[in-house]
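One rule links them: number in the working numbering = place in the sequence shown (from 1) + 118.
Glycine included, C-beta positions come from ideal geometry on N, C-alpha and C.
Only a predicted model underlies this, so the values are computations on that prediction, with no experimental measurement involved.
These notes are about the structure you will find just below.
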Amino acid sequence: MSRPRSLIATLTIGFLTAPVVRAQTATDLADVCKTVGDAKPGQWASFDATNGGSEAGKLRLAVVGSERVGDTTLYWFEVSFMGKDPGHSGVVQILNPSLAAGVAAPRGLIVKMGAQPAMKIPGPMATLMGKQAGQNTSAFDWAARCSGAHVVGWESVTVPAGTFRTLHVATDDGAEVWGSRDVPFGLVKTHGRQGDMALTARGSDAKSSITEKPLDMPGMMMPKP
């Protein structure tokens with residue numbers, strides 16, 4: 119009779135602990151997502167970035183300023199990209215309340231490509247170019263989808279910036295992120311259709327990579343929907 123009793127005890131313990139494990143998993147994910155969503159002026163993280171399995175270059179994500187609009191604080195998120203070809207390098211600055219707000223409708227957009235002058239992009243064109251800018255990094259997409267991801271588990275991951283204890287999560291479309299509360303934006307490593315990123319360095323002293331005064335881009339006729 120000992121085996122049935124042992125089995126019953128095992129099943130009972132498993133039944134009682136399962137909700138606790140699920141609750142802890144949800145808490146772990148929420149903590150990492152909060153780190154992804156937090157915006158602190160000066161924070162930055164740089165990555166080795168690949169596109170479709172090929173070497174693409176270096177990418178840096180930073181918060182380089184903030185503005186108060188009514189009761190809302192907006193932040194200037196800067197994405198700078200350096201490809202092997204200098205002509206494929208550039209800086210995009212997006213004004214939004216958080217990284218999770220995405221790039222579909224930025225409150226402000228400044229673009230500098232290569233040696234060209236920095237341009238302040240108006241209205242509808244900012245929405246169009248903001249979407250294109252977001253394709254250069256999975257950070258915005260991941261921040262928006264973080265809370266709906268599935269937890270794989272805690273893993274030790276080594277990247278150029280060091281070894282980190284990370285929460286491995288995945289989305290329904292196969293994207294994967296290894297996140298940590300100990301790094302800016304919470305991103306240690308990512309893998310997905312847009313390419314891969316691996317953390318190379320981080321800090322809290324970021325300043326705008328655009329030192330010139332941006333020019334106002336003339337308004338352009340946009341096609342009607």
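C-alpha of glycine 155 to C-alpha of threonine 289: approximately 17 angstroms in a straight line. Valine 277 is positioned such that its CB atom lies closer than 7 angstroms to that of leucine 317.
Looking at the DSSP output, aspartate 334 sits in a beta bridge with Lys238.
Lysine 307 is classed as buried because its beta carbon has at least 16 other beta carbons within 10 Å across all chains shown. No Cβ-Cβ contact shorter than 7 angstroms links threonine 281 with tryptophan 296.
Excluding residues up to 5 positions away in sequence, Leu192, Tyr193, Phe195, Pro224, Arg225 lie with their Cβ nearer than 7 angstroms to the Cβ of asparagine 214 in the same chain. For aspartate 166, the uninterrupted beta strand (DSSP E) segment begins and ends at 162-169.
The continuous stretches of beta strand (DSSP E) do not include phenylalanine 258, which lies in the alpha helix (DSSP H) extending over residues 257-263. Cβ-Cβ distances below 7 angstroms link glutamate 273 to Thr284, His286, Trp296 in the same chain, with the five nearest sequence neighbours on each side left out; the list follows chain order. Comparing C-alpha distances from leucine 227 to each of Val197, Arg263, Asn169 shows the shortest one belongs to Val197.
When secondary structure is reduced to three states using DSSP, alanine 324 falls in the coil class, being assigned neither helix nor strand.
Under the three-state reduction of DSSP output, alanine 174 falls in the strand class. Between the alpha carbons of threonine 153 and arginine 311 lies a distance of about 23 angstroms.
Beta bridge pairing from DSSP links alanine 316 with Asp166, Lys307. No residue range can be given for leucine 217, since it is assigned to no beta strand (DSSP E) and is classified by DSSP as neither H nor E.
In this structure alanine 163 is not in contact with lysine 176, their Cβ atoms being roughly 12 angstroms apart against a cut-off of 8 angstroms.
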